[in-house]
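Novice:
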Amino acid sequence: MVLMRIHIAAIAAVLCAARVASAQSAAAEIARGDSAYAALNAKGALVYYQKAITLDSTNAEALWKAAREAVDLGEAAGFANQNQARDSLFKLGEQYATRSVQANPNLAVTHFTMAKALGRAALSMGSRDRVKYAGRVRDQALAA
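Position in the sequence shown (first residue = 1) + 23 = this note's numbering.
1. Under the assumption that Arg109 contacts Ser58 (Cβ atoms under 8 Å), give the Cβ distance between them as a whole number of angstroms.
2. In three-state terms, what does DSSP make of Leu63?
3. Between which residues of its own chain and Tyr72 is the CB-CB distance below 6 Å, once the five residues before and five after are set aside?
4. Whose C-alpha, out of Val132, Ala145 and Lys155, is nearest the C-alpha of Leu165?
5. So, helix, strand or coil for Ser80, using DSSP?
6. Which value, in whole angstroms, describes the spacing of the CA atoms of Lys66 and Ala100?
7. Between Asn106, Asn64 and Glu92, which has its C-alpha nearest Gly116's C-alpha?
8. Check this for me: beta carbons of Leu130 and Ala83, under 8 Å apart or not?
9. Could you check the C-alpha separation between Gly158 and Phe113 for me, to the nearest Å?
10. Helix, strand or coil for Met148, going by three-state DSSP, please let me know.
11. What is the C-beta distance between Arg124 and Ala145, in whole angstroms, given that I count them as a contact (C-beta under 8 Å)?
12. For Met137, which option in Asn106, Ala49 and Gln163 has the closest C-alpha, if you only look at C-alpha atoms?
13. Report the three-state DSSP secondary structure of Lys155 (helix, strand or coil).
14. Taking the Cβ atom as the reference point for each residue, do Ala49 and Leu69 lie within a distance shorter than 8 Å?
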């Protein structure tokens, strides 16, 4: 019985240590992404933030920063009609922003990033879809 308790405690300790190591690794990837962002390297920053998300899928900071970079890259792709690269980046930004709001709904920047992602995606849509998105953008802006 004592041996079983020791075994369970050892497993719990290993799992906790793995979680802490994962969080530290995610923080390191976020720091690398921040450095790339400061160097105006949006593609590189997005890659680092995505690595952080792979390590910790509920890290709100990594999620909103990845959303920001995806939207920025979409904006850089231009607003020409039928720009699939731009649209896919805006969609990716929206997905990351949605997950960031779910991860930390009390963080204003998650709602701001969500509103920006929705707004940029709406600009590439037709009139009806823009109206549908307007309500969602407003809700996120007010939540921020």
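Think of the CB as a built atom: it goes at the ideal place given N, C-alpha and C, for glycine as much as any other residue.
Specialist: According to the structure data:
1. The residue given as residue 109 occupies position 86 in the sequence shown. The residue given as residue 58 occupies position 35 in the sequence shown. 26 Å between Cβ atoms; not a contact.
2. Mapped onto the sequence shown, residue 63 falls at position 40. It is coil, neither helix nor strand.
3. Numbered from its first residue, the sequence shown carries residue 72 at position 49. Answer for Tyr72: Gly56, Ala85, Lys88 and Ala89, listed in chain order.
4. Taking the sequence shown and counting its residues from 1, one reaches residue 165 at position 142. Of Val132, Ala145 and Lys155, the residue nearest in Cα terms is Val132.
5. Locating residue 80 in the sequence shown gives position 57, where the first residue counts as 1. Ser80: coil per DSSP, three-state reduction.
6. Counted from its first residue, the sequence shown places residue 66 at position 43. Counted from its first residue, the sequence shown places residue 100 at position 77. Their backbone Cα atoms lie some 12 Å apart in a straight line.
7. Locating residue 116 in the sequence shown gives position 93, counting from the first residue. Closest option to Gly116, Cα to Cα, is Glu92.
8. Sequence index remark: in the sequence shown, residue 130 carries index 107 (1-based). Sequence index remark: in the sequence shown, residue 83 carries index 60 (1-based). The answer is yes: Cβ separation under 8 Å.
9. In the sequence shown, counting from the first residue as 1, residue 158 sits at position 135. In the sequence shown, counting from the first residue as 1, residue 113 sits at position 90. So the two alpha carbons sit approximately 18 Å from each other.
10. Residue 148 sits at position 125 when you count from the first residue of the sequence shown. Of the three classes helix, strand and coil, the one that applies to Met148 here is coil, per DSSP.
11. Within the sequence shown, the letter at position 101 stands for residue 124. Within the sequence shown, the letter at position 122 stands for residue 145. Before going on, a small fix: residue 124 reads as Val here, not Arg. The pair is not a contact, with the Cβ atoms about 17 Å apart (cut-off 8 Å).
12. Numbered from 1 along the sequence shown, position 114 holds the residue referred to as residue 137. Measuring from the Cα of Met137, the nearest candidate turns out to be Gln163.
13. Looking up residue 155 in the sequence shown gives position 132. Three-state result, Lys155: helix.
14. As a first step, residue 49 must be located in the sequence shown, where it is residue number 26. As a first step, residue 69 must be located in the sequence shown, where it is residue number 46. No, the Cβ-Cβ distance between Ala49 and Leu69 is not below 8 Å.
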